[in-house]
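Going by the numbering used here, 69 is the number at position 89 of the sequence shown; the sequence numbering is gapless. Each residue gets a CB set at the ideal place from its N, CA and C atoms; glycine is no exception. First the structure, in the form of structure tokens, and then the observations on it.
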Amino acid sequence: MEICGDRIVKFVLYGSRARGDYDRESDIDIAIVVRGMTRELKNRILDAVCDIELKYLTPLSTLVFSEENFEFLKSRERRIALDIEREGIPI
-19 MEICGDRIVK FVLYGSRARG DYDRESDIDI AIVVRGMTRE LKNRILDAVC DIELKYLTPL
41 STLVFSEENF EFLKSRERRI ALDIEREGIP I
């Protein structure tokens, strides 16, 4: 994503689409981990995601994490972080 430049640490597809067990009603799960997250940057990322949803009429379920927050979730073995690590396909 141009918006983030070199601050993207991880940009992955995860969930049913990554596992291959999706159906036609499934959304597309995306996780973005960013170094040096700010509220402004997160809002710009989510605005860009919204533009993509409208352009392609495709529901995206997007999670945006700071690098520190994602590492914290992994260290606490939170399911969402573990699923993203296990299933994640780099975009």
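Annotation note: the stretch 33 to 66 contains the following uninterrupted beta strand (DSSP E) runs of length 3 or greater, listed N- to C-terminal: 40 to 46.
About 13 Å separates the Cβ atoms of Leu43 and Ala(-2), ruling out a contact at the 8 Å cut-off. When DSSP states are grouped into helix, strand and coil, Asp3 belongs to the coil group. Non-local C-beta neighbours of Gly16 in its own chain, meaning closer than 7 Å and more than five positions away in sequence, comprise Arg(-13), ordered along the chain. Within the same chain, and ignoring the five residues on either side of Asp63 in sequence, the residues whose Cβ sits closer than 7 Å to its Cβ are Tyr(-6).
By the neighbour-count criterion, in which a residue is buried when 16 or more other Cβ atoms sit within 10 angstroms of its Cβ, Ile8 is buried. For Lys(-10), the pairing in a beta bridge is given by DSSP as Val13.
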